[in-house]
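A.B. asks:
Protein chains: 2
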Amino acid sequence: MFKDNFRIEVNSSLFIKNPTSSKLGESIVKEGLSLLENIGYEDFTFKKLAISIQTTESTLYRYFENKHQFLMYLFNYYWTWMEVNFTMAITNISDPKEQLKRIIGVLVTQAPQKIGSLLLDEFLLKQVITNESSKTFLNKKVDEENKAGYYLTFKRNVCLISEVLLKMNPNYLYPNALAATLIEASFHQRYFGLHLPRLTNELHITSNLEDFLLHLSINALI
Amino acid sequence: MFKDNFRIEVNSSLFIKNPTSSKLGESIVKEGLSLLENIGYEDFTFKKLAISIQTTESTLYRYFENKHQFLMYLFNYYWTWMEVNFTMAITNISDPKEQLKRIIGVLVTQAPQKIGSLLLDEFLLKQVITNESSKTFLNKKVDEENKAGYYLTFKRNVCLISEVLLKMNPNYLYPNALAATLIEASFHQRYFGLHLPRLTNELHITSNLEDFLLHLSINALI
DNA sequence: CAATTTTGATAGTATTACTATTATATTTGT
DNA sequence: ACAAATATAATAGTAATACTATCAAAATTG
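Protein chains in written order, with the working numbering: chain A, 1 to 222; chain B, 1001 to 1222.
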C-alpha cells in the first residue's frame, strides 16, 4: 500500500536535531524506545541510553533537549502513525457505525499491521505510549508545550474520531470528550487488566476491551 | 453529622511515622499538599518542603520513605474520604438511578462539603489528585505497591460505584471498567478543559462534566 | 582535498535523593 | 520534678541526575 520509504516525520519543535537525519539519530530513537519500555520513564536517563548505544550524553543532548522532549517525540510519532491507520481504516466505508467499529478496532490493536518499513517497532511503541502517554500532559509545563504545538497530532486524532461520532449523532454534545475518553480508557483499562485487575473486567483481553469501548460509544450516541 | 474530631487515618504501610501523630507531621502533610499543588509532582522535593516548613530533609525522611510514598499517602487519604462521601450520598436512597446521580455529583464536586474538621484542605486535595493521581500507578513499581496494599482504598471506591451500576443493570459485563473510566474521565476531562480544550467540550464546567458522565453511564447500562 | 559539520572524550556544576551521626530539644513515666 | 526515652535539628556526606562547556578527532560535503 505504501512505498518502502514511507517515513513518519514529526514537527521540528520536538527535537533539536532531527533523529531521522542520521544513523546515530535513528539508533537513539530505536534504542531509546526499547530502553523506555524496559525500565520506564522515571528510571530512564540519557546516561543509560548513551551507554547502551555506546555514545555520550552530550551527543544525545544535541538531538533532544531532555527526556521529556524525547517522550513527546515518541508520542507525536505514535499519533502521526495512528492518524494514518485511522484514515486507512475508514476510507471508502460509508456507514458511520462501521467506521466507528473500525476506529475502535485500530485503537485496541496491540501490534498493528506494518505499513511500509517503519523506523520504530509498532508493538514497543504502543506499549510505551500505553504506559507513559499521560505523563506527556500531566505536568506544569502543559500550557507552554501546548503553545509550542506538542499536542497537535494527538488533537487531530481526537478530532478525527470526534467527526465519526458526530456522523452517528450530529446532536451529541460531547464528541471530543467521548473521543478522548475512548482513547484514554483504551490505554488505562488494558493497563489495569495487567496490573490492577480489580479496577477492570478482563479488559487486558483485546476482544473484551473492544466490546467495552464499542458498547460505551454506541450507547452514548443513541 | 460527624464529630469535630473526625479523622481520616490511612494504612500504616503508607508512612514510616504517622504524620497525624504530631504537630510537625500534620504540618508536613498540610504544607506538602500545598507545595505539591503549587509546583507539581515533578518539581516537588523534600528539600523544598523542608525549607517551607523550616525543618530538615532528614526529618521528612523519618515520616515518608520518599515523595512517591508521600503522594500515595495523599491518594489514600483522598479515597478514604471519598468513600465516606459516596456512602453518605447514597445512604437511604432506594432508586439506583438516583444513587448513580448522587455518586456522579460527588465525583464532579470540586470543593465537597466539609465533614467535621478535616486535616487537609478538600479543595487543594481534589486539585492535586486531579492532576497527579495517574502517577500513583503509571510506574514500574505498580505490582510491588499493589501487593503492599497501596491501592486498596481506591479499589474499594471503584467497587462501591460498580455495585450501584450493577443495581441498574445486573447483566452489564463491565461494571468495574465503567466505574474506573468514570473516575478517570472526571479527572482528565476537567484537566483537558483547563489546559487542552480541543480534547473536550467545555467539561471544566462542573455541570457539563456531570451531564457527560451521567449520560455516558446511564446509556451504557441500558 | 579543504571546509564544514558531527561526534567523542573529558570535565565540571547544581540539584536530587537519599543515609549517617551526633547534639539538642521535647515528651513521658514514675 | 527528674531521669529516661524519644523526636528533632544540624551537619556532613554519597551516588546519581540533569544538564553545560570545551576541544580534538572523525566523518561528510562541496
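The beta carbon of each residue, even a glycine, is placed where N, CA and C say it ideally should be.
1. Is the Cβ of residue 1201(B) closer than 7 Å to any Cβ of chain A?
2. Measuring CB atoms only, is the region 1099-1110 of chain B touching the region 1205-1216 of chain B, in the sense that at least three cross pairs come out at less than 8 Å?
3. With three or more beta-carbon pairs closer than 8 Å as the criterion, would you say the region 85-100 of chain A touches the region 187-198 of chain A?
4. Tell me which residues of the region 177-209 of chain A have at least one Cβ-Cβ distance to chain B shorter than 7 Å, keeping chain order.
5. Hey, how far is the Cα of residue 1169(B) from the Cα of residue 1156(B)?
6. Name, please, each residue of chain A whose Cβ falls closer than 7 Å to the Cβ of residue 1173(B).
7. Taking only beta-carbon positions, decide if residue 1040(B) is within less than 7 Å of chain A.
8. Are residue 193(A) and residue 11(A) closer than 7 Å when you measure CB to CB?
9. Nearest to residue 1019(B) by alpha carbon, out of 1160(B), 1070(B), 1130(B)?
10. With a floor of 4 residues, list each alpha helix (DSSP H) that falls wholly inside the region 1095-1178 of chain B, ordered by position along the chain.
11. Along chain A, in chain order, which residues have C-beta atoms closer than 7 Å to that of residue 1097(B)?
12. Between the C-alpha atoms of residue 273(A) and residue 93(A), what's the straight-line distance to the nearest angstrom?
13. If you run the structure through DSSP and keep just helix, strand and coil, what is residue 1080(B)?
14. Excluding five sequence neighbours on each side, which residues of the same chain lie with their C-beta closer than 6 Å to the C-beta of residue 976(B)?
15. According to the neighbour-count rule (16 or more other Cβ atoms, all chains shown, within 10 Å of its Cβ), is residue 1023(B) buried or exposed?
16. So with Cβ pairs under 7 Å, would you call residue 1222(B) a contact of chain A?
17. To the nearest angstrom, how far is the alpha carbon of residue 50(A) from that of residue 1124(B)?
18. Rounded to whole angstroms, what's the CA-CA distance from residue 1058(B) to residue 1041(B)? Just pull it up for me.
19. Are the C-beta atoms of residue 1143(B) and some chain A residue less than 7 Å apart?
20. Could you name the residues of chain B that residue 134(A) contacts, counting a contact when the two beta carbons are closer than 7 Å?
21. Is there a Cβ of chain B sitting closer than 7 Å to that of residue 308(A), yes or no?
22. Can you give me the Cβ contacts of residue 110(A) inside the same chain, cut-off strictly under 7 Å, excluding the 5 residues immediately before and after it?
23. Closer than 9 Å by beta-carbon distance: list the chain A residues that pair up with residue 1128(B), in chain order.
24. What residue range does the alpha helix (DSSP H) around residue 1215(B) cover?
25. What's the call for residue 176(A), buried or exposed, on a 16-neighbour Cβ count within 10 Å?
26. For residue 1086(B), name the three-state secondary structure that DSSP assigns.
27. Could you have a look at residue 49(A) and say whether DSSP puts it in helix, strand or coil?
28. With distances taken between CB atoms, is the gap from residue 1196(B) to residue 73(A) smaller than 7 Å?
29. Smallest Cα separation from residue 14(A): which of 200(A), 158(A), 136(A), 174(A)?
30. For the alpha helix (DSSP H) containing residue 24(A), name the first residue and the last one.
31. For residue 201(A), count neighbouring Cβ atoms within 10 angstroms of its own Cβ and tell me buried if that reaches 16, exposed if not.
32. Are the Cβ atoms of residue 237(A) and residue 1219(B) separated by less than 7 Å?
33. Output the distance between the C-alpha atoms of residue 29(A) and residue 1133(B), rounded to the nearest integer angstrom.
34. Shorter than 7 Å from the beta carbon of residue 1158(B) to some beta carbon of chain A?
35. Within the continuous alpha helix (DSSP H) that includes residue 14(A), where are the two ends?
C.D. replies: The short version:
1. Yes, residue 1201(B) counts as interfacial toward chain A.
2. Enough Cβ pairs lie closer than 8 Å, so yes.
3. No contact exists between the region 85-100 of chain A and the region 187-198 of chain A.
4. Within the region 177-209 of chain A, 177, 180, 181, 184, 185, 188, 189, 192, 195, 196, 198, 199, 200, 201, 203 place their CB atoms closer than 7 Å to a CB of chain B, listed in sequence order.
5. In a straight line, the C-alpha of residue 1169(B) is about 20 Å away from that of residue 1156(B).
6. For residue 1173(B), the neighbours in chain A by C-beta distance under 7 Å run, in chain order, 201.
7. For residue 1040(B), a Cβ of chain A is located within less than 7 Å of the residue's own Cβ.
8. Result no, Cβ atoms of residue 193(A) and residue 11(A) do not sit closer than 7 Å.
9. Closest option to residue 1019(B), Cα to Cα, is 1070(B).
10. Runs of the alpha helix (DSSP H) inside the region 1095-1178 of chain B: 1096-1108, 1122-1132, 1134-1137, 1142-1147, 1152-1168.
11. Neighbours of residue 1097(B) on chain A: none; closest Cβ ~15 Å, over 7 Å.
12. Any answer about residue 273(A) is impossible in this case: the structure gives chain A only from 1 up to 222.
13. It is helical.
14. Nothing about residue 976(B) can be reported from this structure: the residues present for chain B run from 1001 to 1222 only.
15. By the 10 Å Cβ count, residue 1023(B) comes out exposed.
16. At least one chain A Cβ lies under 7 Å of residue 1222(B).
17. Rounded to whole angstroms, residue 50(A) and residue 1124(B) show a C-alpha spacing of 40 Å.
18. When rounded, the distance between both Cα atoms is 20 Å.
19. Yes, residue 1143(B) lies at the interface with chain A (some Cβ there is under 7 Å from its Cβ).
20. Residues of chain B whose Cβ lies closer than 7 Å to the Cβ of residue 134(A) are, in chain order, 1134, 1138.
21. Lying outside 1 to 222, the shown extent of chain A, residue 308(A) is not represented and no answer is given.
22. If we look at residue 110(A) and ignore the five residues flanking it on each side, its Cβ neighbours are 123, 126, 206.
23. The premise fails here: residue 1128(B) is roughly 12 Å from chain A at the closest Cβ pair, so nothing lies under 9 Å.
24. Element bounds for residue 1215(B): 1206-1220.
25. It counts as buried.
26. Assignment of residue 1086(B) by DSSP, reduced to helix, strand and coil, places it in the helix class.
27. Three-state DSSP puts residue 49(A) in a helix.
28. Not a contact, by the Cβ cut-off of 7 Å.
29. The residue with the shortest Cα to Cα distance from residue 14(A) is 136(A).
30. In the DSSP assignment, residue 24(A) falls within the unbroken alpha helix (DSSP H) covering 23-43.
31. Under this definition residue 201(A) is a buried residue.
32. Lying before the first or after the last residue shown, residue 237(A) is absent from chain A, which here runs from 1 to 222.
33. Rounded to the nearest angstrom, the gap between the Cα atoms of residue 29(A) and residue 1133(B) is 29 Å.
34. True, the Cβ-Cβ gap to chain A drops below 7 Å.
35. From DSSP, residue 14(A) is part of no alpha helix (DSSP H); its letter is neither H nor E.
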